[in-house]
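**Student:** Chains as they are written, first to last, in this note's numbering: chain A, 1 to 306; chain B, 1 to 306.
Okay, here's the structure, questions in a sec.
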């Protein structure tokens with residue numbers, strides 16, 4: 001079936017006259033052509049959202065009958081209004097050499113982890129790794145597998161998701177990266193990040209004023225958690241103030257008289273952008289360590305769950 | 001009266017339990033102290049907005065009973081909900097030397113222009129310039145004065161507002177800048193900007209696809225104008241697509257297959273940030289010149305009016 005046909009059906013079904021389109025950066029080159037095609041074939045008026053689109057946690061508000069959100073899958077616990085997720089699974093790769101590169105690093109009992117846009121790869125990966133026992137492919141169930149596997153194989157790009165697993169499970173995590181064709185273990189990165197997080201916690205020990213960041217984005221808004229953290233901070237005789245924002249960035253937080261930040265927005269911010277911030281920036285769990293309510297031994301990555 | 005007392009009154013009057021605070025960059029150092037004082041004296045919970053606050057055209061949406069927008073005056077044609085404008089007029093300067101510097105450049109019949117935060121300066125400026133006949137001090141009435149003055153004196157910082165006047169009135173405009181203590185004429189800047197605008201128009205002549213930018217900001221949303229421009233572009237056999245966004249910036253517009261941008265958002269974007277964009281970025285009036293519907297002789301700066 002014509003790939004656009006699915007979209008046209010959704011537009012007809014909802015009798016939409018105006019359609020908003022949201023693209024991640026990588027699909028921007030296709031935005032104008034898709035808008036032109038929909039305007040021509042469905043007789044609608046399209047608005048292209050030029051706000052950043054980081055994921056399904058971040059659906060833009062647009063004055064249209066239907067929002068088409070491309071390339072992300074809906075988050076099950078969120079209620080979306082008038083959003084059609086036009087999911088685009090990543091096509092199968094030309095070569096599976098990144099799996100061959102990973103083979104020497106993984107154990108016989110391996111847990112397979114990947115992200116939703118690679119879901120059609122899973123049977124191929126499983127048959128390619130026939131030496132290994134593949135027990136699961138869901139990121140969120142990684143911990144459920146812990147007793148039955150000796151290592152994890154993450155197929156995808158970027159360190160963030162497998163890092164969270166590596167920190168919780170304390171078993172080797174190997175990344176097979178289709179974009180580079182290579183495989184690597186996460187040990188060195190994990191050690192460096194954990195040292196950095198410990199450094200952030202130490203730096204925040206003496207903070208008198210905490211700025212607690214709350215996101216305005218649909219799937220990142222943890223206002224209730226922020227209010228709890230503010231109360232915890234105040235119970236320890238320190239000051240906590242809530243900062244409400246859409247995009248989070250270091251330049252937007254410059255100039256405020258705040259000694260340390262706590263981000264309840266996207267969990268990646270504190271971890272991946274740490275060095276860009278002048279003051280230490282913590283996750284909620286790290287704040288608990290600073291306040292003496294959690295031990296370093298119980299350190300976990302922050303996650304936004306239902 | 002205690003400066004904060006006005007704010008406390010507004011909070012009491014509306015029986016607000018939660019208060020959102022919006023600061024321009026320059027006032028960020030006072031944000032935490034003000035939030036702390038309001039929480040203590042009014043028993044409210046404050047949220048500090050960390051979204052950029054460029055002006056009264058740009059009031060953040062916040063989940064609070066009352067939004068306090070600092071340092072800008074409301075725009076008369078906008079309908080705000082639950083917003084208290086906590087206007088902070090700029091204190092009188094230590095020295096009026098910037099006016100003395102301007103004296104040799106202005107004519108006897110001079111129109112005085114300034115911005116709302118300097119309104120308390122006006123009687124002082126008038127008495128300081130007693131050689132000159134001061135006829136008005138409202139930016140929007142600058143053209144009304146044109147027959148009665150031979151030059152204009154703008155008291156304030158930045159080139160944008162006086163530049164718009166200089167282009168419409170074709171009379172000398174002198175800037176007396178309290179931040180530098182100096183005065184200058186606008187001729188050279190005006191010539192440079194007009195050359196640049198002409199260059200943008202020439203560069204956009206051959207554009208086949210126009211991206212028409214619409215802002216999501218309350219006071220910058222000109223969707224109807226954007227729809228008109230799209231229709232005009234299409235009537236000339238070219239393509240026009242609407243791009244909907246909050247913040248506008250060059251990195252957010254990279255990657256789209258667009259030959260030229262037209263901004264219906266803040267009029268400053270096309271003029272002040274022109275060199276940061278890869279494609280030419282035009283104002284609506286400049287698009288009309290490109291499409292042959294306006295002549296260069298009728299060139300005017302874009303303005304958002306009621």
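Idealized CB from N, CA, C, for every residue including glycine.
List the DSSP bridge partners of residue 105(B).
**Tutor:** On the second chain, position 105 is the one that residue 105(B) refers to. Beta-bridge pairing links residue 105(B) to no other residue.
**Student:** Measuring alpha carbon to alpha carbon, tell me which of 260(B), 121(B), 27(B) ends up nearest residue 283(B).
**Tutor:** Counting from 1 along the second chain, the entry for residue 283(B) is found at position 283. Checked all of 260(B), 121(B), 27(B); the closest Cα to residue 283(B) is 260(B).
**Student:** Specify, as a first and last residue, the run of the beta strand (DSSP E) that residue 22(A) falls within.
**Tutor:** In the first chain, the residue the question calls residue 22(A) occupies position 22. Unbroken beta strand (DSSP E) run through residue 22(A): 18 to 22.
**Student:** With DSSP collapsed to three states, give me the class of residue 100(A).
**Tutor:** Within the first chain, the letter at position 100 stands for residue 100(A). Here residue 100(A) sits in helix by DSSP.
**Student:** Where does residue 5(A) sit, in a helix, a strand or coil, going by DSSP?
**Tutor:** Here residue 5(A) refers to the residue found at position 5 of the first chain. The answer is helix: DSSP assigns residue 5(A) an H, G or I state.
**Student:** How many Å lie between residue 44(A) and residue 25(B) at the Cα?
**Tutor:** Numbered from 1 along the first chain, position 44 holds the residue referred to as residue 44(A). Numbered from 1 along the second chain, position 25 holds the residue referred to as residue 25(B). Roughly 40 Å between the two C-alpha positions.
**Student:** Buried or exposed for residue 3(B), going by 16 or more other Cβ atoms inside 10 Å?
**Tutor:** Position 3 of the second chain, counting from 1, holds the residue named residue 3(B). The residue is exposed, with fewer than 16 neighbouring Cβ atoms inside 10 Å.
**Student:** Just to check my reading of the structure: residue 200(A) and residue 250(A) have Cβ atoms closer than 8 Å, yes? What is that Cβ distance to the nearest angstrom?
**Tutor:** Taking the first residue of the first chain as position 1, residue 200(A) is located at position 200. Taking the first residue of the first chain as position 1, residue 250(A) is located at position 250. Incorrect: roughly 14 Å between the Cβ atoms, too far for contact.
**Student:** With distance defined between alpha-carbon atoms, name the residue in 241(A), 217(A), 237(A) nearest to residue 226(A).
**Tutor:** On the first chain, position 226 is the one that residue 226(A) refers to. When each option's Cα is compared against that of residue 226(A), the closest is 241(A).
**Student:** Check distances from the C-beta atoms of the stretch 52 to 65 of chain B to those of chain A and list, in chain order, the residues that come in under 9 Å.
**Tutor:** So the close ones are 52, 60, 61, 62, 63, 64.
**Student:** Are three or more beta carbon pairs between the stretch 93 to 105 of chain B and the stretch 56 to 69 of chain B nearer than 8 Å?
**Tutor:** These segments do not touch.
**Student:** Check residue 274(B) in the structure and name its three-state DSSP category.
**Tutor:** As a first step, residue 274(B) must be located in the second chain, where it is residue number 274. Looking at residue 274(B) - three-state DSSP - the assignment turns out to be helix.
**Student:** At the 8 Å Cβ level, is residue 256(B) part of the contact set with chain A, yes or no?
**Tutor:** Here residue 256(B) refers to the residue found at position 256 of the second chain. True, the Cβ-Cβ gap to chain A drops below 8 Å.
**Student:** Have a look at residue 148(A) and residue 95(A) and give me their C-alpha separation to the nearest angstrom.
**Tutor:** As a working note, residue 148(A) is residue 148 in the first chain. As a working note, residue 95(A) is residue 95 in the first chain. Spanning the two alpha carbons is a distance of roughly 29 Å.
**Student:** Measuring straight from C-alpha to C-alpha, what distance separates residue 13(A) and residue 6(A)?
**Tutor:** Walking along the first chain from the start, residue 13(A) turns up at place 13. Walking along the first chain from the start, residue 6(A) turns up at place 6. The alpha-carbon atoms of residue 13(A) and residue 6(A) are separated by roughly 11 Å.
**Student:** Given a cut-off of 8 Å on the beta-carbon distance, is the pair residue 239(B) and residue 210(B) in contact?
**Tutor:** In the second chain, counting from the first residue as 1, residue 239(B) sits at position 239. In the second chain, counting from the first residue as 1, residue 210(B) sits at position 210. Yes.
**Student:** Using a Cβ-Cβ cut-off of 8 Å (strictly less than) and excluding sequence neighbours within five positions of residue 60(A), which residues of its own chain qualify?
**Tutor:** Sequence index remark: in the first chain, residue 60(A) carries index 60 (1-based). So the qualifying residues of the chain are 20, 22, 49, 51, 53, 67.
**Student:** Assuming residue 212(B) and residue 229(B) form a contact by the criterion Cβ under 8 Å, report the distance between their Cβ atoms to the nearest whole angstrom.
**Tutor:** Residue numbering aside, residue 212(B) sits at position 212 when the second chain is read from its first letter. Residue numbering aside, residue 229(B) sits at position 229 when the second chain is read from its first letter. Right, the Cβ-Cβ distance comes to about 5 Å (below 8 Å), so this counts as a contact.
**Student:** Under 8 Å, Cβ to Cβ, is there at least one residue of chain B near residue 50(A)?
**Tutor:** Here residue 50(A) refers to the residue found at position 50 when the first chain is read from its first residue. It does; some Cβ of chain B falls within 8 Å.
**Student:** Do you know offhand how far residue 92(A)'s Cα is from residue 124(A)'s?
**Tutor:** In the first chain, the residue the question calls residue 92(A) occupies position 92. In the first chain, the residue the question calls residue 124(A) occupies position 124. In a straight line, the C-alpha of residue 92(A) is about 9 Å away from that of residue 124(A).
**Student:** According to DSSP, is residue 303(B) part of a helix, a strand, or is it coil?
**Tutor:** Taking the second chain and counting its residues from 1, one reaches residue 303(B) at position 303. Three-state result, residue 303(B): coil.
**Student:** Leaving out the 5 sequence neighbours to the left and right, which residues in its chain are closer than 6 Å to residue 221(B) when beta-carbon positions are compared?
**Tutor:** Position 221 of the second chain, counted from the start, is the residue given in the question as residue 221(B). Closer than 6 Å at the Cβ level, and outside the excluded window around residue 221(B), lie 215.
**Student:** Span of the beta strand (DSSP E) holding residue 215(A)?
**Tutor:** Position 215 of the first chain, counted from the first residue, corresponds to residue 215(A). Where residue 215(A) is concerned, the enclosing beta strand (DSSP E) stretches over 209 to 215.
**Student:** Under 8 Å, Cβ to Cβ, is there at least one residue of chain B near residue 246(A)?
**Tutor:** To locate residue 246(A), count along the first chain from 1; it is residue 246. Chain B contact via Cβ: present.
**Student:** Between which two residues does the beta strand (DSSP E) containing residue 182(A) stretch?
**Tutor:** Within the first chain, the letter at position 182 stands for residue 182(A). Looking at the DSSP string, the run of the beta strand (DSSP E) that includes residue 182(A) is 182 to 185.
**Student:** By a C-beta neighbour count over all protein chains shown, 10 Å radius and 16 as the cutoff for buried, is residue 34(B) buried or exposed?
**Tutor:** For the purposes of this step, residue 34(B) is taken as residue 34 along the second chain, with counting starting at 1. Classification of residue 34(B): buried, given that the 10 Å Cβ count is 16 or more.
**Student:** Give, in chain order, every residue of the stretch 32 to 44 of chain A whose Cβ lies closer than 8 Å to some Cβ of chain B.
**Tutor:** Residues 32, 33, 35, 36.
**Student:** At the level of alpha carbons, what is the spacing between residue 302(A) and residue 252(B)?
**Tutor:** Stepping through the first chain from its first residue, residue 302(A) is reached at position 302. Stepping through the second chain from its first residue, residue 252(B) is reached at position 252. C-alpha separation (whole angstroms): 28 Å.
**Student:** Tell me the rounded alpha-carbon separation between residue 292(A) and residue 63(B).
**Tutor:** Looking up residue 292(A) in the first chain gives position 292. Looking up residue 63(B) in the second chain gives position 63. Whole-angstrom Cα-Cα distance: 31 Å.
**Student:** Against residue 241(A), what residues of chain B qualify as contacts under a CB-to-CB distance less than 9 Å, listed in chain order?
**Tutor:** Position 241 of the first chain holds residue 241(A). 31, 32, 35, 36, 39, 46, 47, 48, listed in chain order.
**Student:** Can you list the alpha helix (DSSP H) stretches of 4 or more residues lying completely in the stretch 189 to 256 of chain A, in chain order?
**Tutor:** Complete alpha helix (DSSP H) runs here, min 4: 223 to 235.
**Student:** Is there a C-beta anywhere in chain B that falls below 8 Å from the one on residue 209(A)?
**Tutor:** Taking the first residue of the first chain as position 1, residue 209(A) is located at position 209. For residue 209(A), the answer is yes, since a Cβ of chain B falls inside 8 Å of its Cβ.
**Student:** Quick check on residue 165(A) - is its C-beta less than 8 Å from some C-beta in chain B?
**Tutor:** As a first step, residue 165(A) must be located in the first chain, where it is residue number 165. Judged by the 8 Å Cβ criterion, residue 165(A) is not in contact with chain B.
**Student:** Assuming residue 110(A) and residue 159(A) are in contact, meaning their beta carbons sit under 8 Å apart, how far apart are those beta carbons, in whole angstroms?
**Tutor:** Translated into the one-based positions of the first chain, residue 110(A) becomes position 110. Translated into the one-based positions of the first chain, residue 159(A) becomes position 159. Not quite, the Cβ-Cβ distance comes to about 19 Å (not below 8 Å), so this is no contact.
**Student:** For chain B, find out if any of its Cβ atoms is closer than 8 Å to the Cβ of residue 28(A); answer yes or no.
**Tutor:** Taking the first residue of the first chain as 1, we reach residue 28(A) at position 28. Chain B contact via Cβ: present.
**Student:** Using a Cβ-Cβ cutoff of less than 6 Å, which residues in the same chain neighbour residue 128(B) once the five nearest sequence positions on both sides are dropped?
**Tutor:** The count along the second chain starts at 1 and reaches residue 128(B) at position 128. Answer for residue 128(B): 96, 99, listed in chain order.
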